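> According to our numbering, the stretch in the sequence shown is residues 25 to 691, in order.
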Amino acid sequence: MKRLTLFLFLLQALGSIAQKRAMTIIDMLNIPNLASPELSPNGSQFVYVMAESDWKMNRMVGHIWRSDMKGDAIKLTNGENGESSPKWSPDGTWIAFIAKRPPAEENQIHLIRNAGGEAYALTKHKTAVRQIEWADSKTLYFLANDRKTADEEKRDKLKDDVYAYDENFKQSHLWRIHIGDSAATRITEGNYSVNEYVLSREGGRIIVKRSISPLFNDSDKNELWVMDKDGKGALQVTTNQIDEGSPRFSPDGRSIMYVARANADSEGYYNGKLFTISASGGKPVLVSKDFPFAVDEAEWSGDGKSIYLVCNMGVEEQLYNLSPVTGKWTEVTKGNHAVSAWNYNATLDQHLFALAEEKTPGDFYLLKSVDKHAPVRLTHIFDYLDRDFKLPKQERVTWKGADGVAVEGLLMYPNDYVAGKSYPLVVQTHGGPAASDQFGLGRSWAEYHPVLAARGFMVLQPNYRGSTGYGDPFLRDMVGAYFRNSHLDVMAGVDYLIARKLVDPDKLVKMGWSAGGHMTNKLITFTDRFKAASSGAGAANWISMYAQSDVRIYRTPWFGGTPWQKDAPIETYWNNSPLKDIYKVKTPTLVMVGGNDPRVPPPQSIELYQALKSNGVPTHLYIAPREPHGWAELRHRLYKVNIELEWFLKYALGEGYTWEKAPEEKK
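(1) Can the beta-carbon of Pro448 be found less than 8 Å from the beta-carbon of Ala676?
(2) Could you tell me the alpha carbon to alpha carbon distance between Tyr189 and Phe240, rounded to whole angstroms?
(3) Note down, one range per segment and in chain order, each alpha helix (DSSP H) of at least 4 residues found wholly within the stretch 35 to 83.
(4) Applying the criterion that 16 or more other CB atoms from any shown protein chain within 10 Å of the CB defines a buried residue, is Trp566 buried or exposed?
(5) Measure the Cβ-Cβ separation of Ala561 and Asp621 and say whether it is below 8 Å.
(6) Which residue wins for smallest C-alpha separation from Arg171, given the options Leu614, Gln195 and His644?
(7) Who are the near neighbours of Gly619 in its chain, counting only those whose CB is closer than 8 Å to its CB and skipping five residues on each side?
(8) Strictly by DSSP, which residues pair up with Tyr144?
(9) Which residues in the same chain have their Cβ closer than 8 Å to the Cβ of Pro557, if we skip the five residues on either side of it in sequence?
(10) State the DSSP-derived secondary structure class of Lys352, mapped to helix, strand or coil.
(11) Residue range of the alpha helix (DSSP H) that Gly712 falls in?
(12) Counting only the same chain and skipping the five closest in sequence on each side, list residues whose C-beta sits under 6 Å from that of Leu435.
(13) Going by alpha carbons, who is nearest to Tyr221 out of Phe406, Gln155, Ile203 and Asp530?
(14) Compute the Euclidean distance between the alpha carbons of Met25 and Lys44, then round it to the nearest angstrom.
(15) Can you list, in chain order, the residues of its chain whose CB lies under 8 Å from that of Ser629, leaving out five sequence neighbours each side?
(16) Counting pairs of beta carbons, one from the stretch 509 to 529 and one from the stretch 458 to 468, are three or more of them closer than 8 Å?
(17) Could you tell me which residues DSSP puts in a beta bridge with Met616?
(18) If we ignore side chains and look at the alpha-carbon of each, how far apart do Leu298 and Ala539 end up?
(19) Here's a check: name, in chain order, each residue in its chain whose Cβ is nearer than 7 Å to the Cβ of Asn66, leaving out the five neighbours to either side.
(20) Suppose the cutoff is 7 Å on Cβ atoms and the five residues either side in sequence are ignored; what does the same chain contact list for Trp353 look like?
(21) In the structure shown, what three-state DSSP assignment does Lys99 receive?
(22) Return the chain-ordered list of same chain residues with a C-beta closer than 7 Å to the C-beta of Asp591, the five sequence neighbours on each side being excluded.
(23) In the stretch 364 to 451, which residue ranges form an unbroken beta strand (DSSP E) of at least 3 residues, counting only runs that do not cross its ends?
(24) Does the beta-carbon distance from Glu341 to Val363 come in below 8 Å?
(25) Closer than 8 Å by C-beta to Leu259: which residues in its own chain qualify, once you throw out the five before and the five after it? Chain order, please.
(26) I need the straight-line Cα distance from Gly446 to Asn487, nearest angstrom please.
(27) For Thr692, which residues from the same chain have a beta carbon less than 8 Å from its beta carbon, with the 5 sequence-adjacent residues on both sides left out?
(28) Please identify the residue among Gly227, Thr101 and Ala120 whose C-alpha is closest to the C-alpha of Ser109.
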């Protein structure tokens, strides 16, 4: 009987393995996305947003779900345009969320009772509402842009709509509304923007993050202000010309903490660090002075004696606890994973977050602070991935850069990998560049590891010099020269895999988006070892790029000044521009960009394309209408992956490719 039981078990296991299939592009694009989890006040439930692909709508649509601690979930909303930002009222009676529902033309606050029933619109604001927070169980705050004047609306109707570039914005301000009110009360007003706000725990005061405008390039002008809940008594707290993230009152209200990518002197372009400052102003104190990792988010503990940190550690993202008095820290989570979508309930001293791992983009887990290192899994939304599909093995790899510095990255193996065999390699470089690739199943239109693995490719994601999580010298290697060591680190990683006989040196492919596209553009001018390449929203000419983009503050440090100042460092700009050496390119290269991309605008891709075409390099330029820096429309995403796979297979492997079609196009 024991032998029979074992035989049946093995038969079932083998049958399960046999049923697994390679992941298609459609399978990958249909993977749900989880966001915005929040614990209920008593800790018995939580809400979150799950976005799923809607091919008729041609985009992912998110709805709000509520689950108990056993993972039994129900969908609370089902609006055509989706919903976002669920927030529990302090008494647990209501769940507020943001949605655009007829007849409203903009996003508004909606309320639904936790006990059930239909949702209704609380606000009827003239402009879109965002960032909602409960002050008490009957009062909410929100941000909204100022509306156009009557004269501006009249001019719009007459098409008399010439505008001043970089000045055609409306300031953003703070509002408050009570349940039952017919109109909201304005809290702030003036020629500035409130870009973020945080309520104190007792609800009596507010931290607002103010800047001269809502423009991305003015984010370094954000400063923290403190005011009463009605907007009176406003006091400026910081004067540091850096962007402060995660501002929070201490539980006793005497001090404020914040996260900034700065050093102790409040100079920018560093890994994220934790600061505190008196709520009445003064000199900031660098609390995480000796902490070795990049701080991304922070929250005071319930008793105010310590601070929880979500930290970038390169290929990992972990939760830590740090004492603001002693500076000592302890790890709260550990393992080959990345913590994301973190929600901390200070009253319960409990953490809710997603954990991305090798074969999952991240289900939700609960961690009680007394149970360090032992988070409890709450949802099983992504179980079907490992059950139904062949998924790539993922491992951390390290090698030495050209100057001997240790470099780290992630390596994904092809399906049905055979030891001793060399495979074609796709090198993917992350955006940012002040970011890092981390553990987790790659399921985006920009990387799609499972689809590449199904085609027999290995995938390398190098966290090259300029990445976060490896200390300030590693990050700041780009200061003064963008391509000092970053591109050499990537090629050293390729050579490392070749030396291990994992990779076929004659079947190399390069791809990337944003800063990953910058790297593609550099590498095709640096070497002809890649047989095919794809440049997504990449910079070709840093001089023209400086003016074309909507952000310059993060780029000025790379080149030592602006290209317009007296004695401008033009040579540094040009020497780091891929266009300088474009005549060297032999690699067949695709070029792609969003038609409405403000970050790396289409002219950069056009410059690259025209140069490649003029020099006889096989190339095509694809522009996706309506798309910003990140493509959102499902058919655009499908097109991108299809055209890249066709290109890679043709030029790197000498193979043909049959395009996948959208679900309703299949016959």
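Beta carbons are placed, not taken as given, at the ideal position from N, Cα and C, and that holds for glycine. The model shown is predicted, which means the values in this text are computed figures rather than measured ones.
Taking the coordinates as given:
(1) Ala676 sits close to Pro448, with the two beta carbons spaced by under 8 Å.
(2) 14 Å
(3) 49 to 53
(4) buried
(5) In this structure, Asp621 lies closer than 8 Å to Ala561 by Cβ.
(6) Gln195
(7) Pro626, Ile647, Ala648, Pro649, Arg650 and Glu651
(8) Leu135
(9) In the sequence as displayed, the identity of residue 557 is Ala instead of Pro. Result list for Ala557: Val533, Lys534, Met535, Thr544, Leu547, Ile548, Thr611, Pro612, Thr613 and Leu614, in chain order.
(10) coil
(11) Summary: the structure shown does not reach residue 712, with the chain confined to residues 25 through 691, and so no result is reported for it.
(12) Glu419, Val421 and Leu484
(13) Gln155
(14) For Met25, the pLDDT reaches just 48, beneath the cut-off of 50, and the residue's location in the model is therefore unreliable, although a value from the coordinates is still provided. One C-alpha to the other measures close to 29 Å.
(15) Ser559, Ala561, Gly562, Ala564, Val615, Met616, Val617, Leu645 and Ile647
(16) no
(17) Gly560 and Tyr646
(18) 26 Å
(19) Gly116
(20) Phe315, Tyr344, Asn345 and Leu346
(21) Strand, per DSSP.
(22) none
(23) 374 to 381, 384 to 392, 418 to 424 and 430 to 436
(24) yes
(25) Trp249, Val250, Met251, Ser304 and Gly305
(26) The sequence given here places Ser at residue 446; Gly does not occur at that position. C-alpha separation (whole angstroms): 23 Å.
(27) The chain is shown only over 25 to 691; residue 692 falls outside these bounds and no answer can be derived.
(28) Ala120
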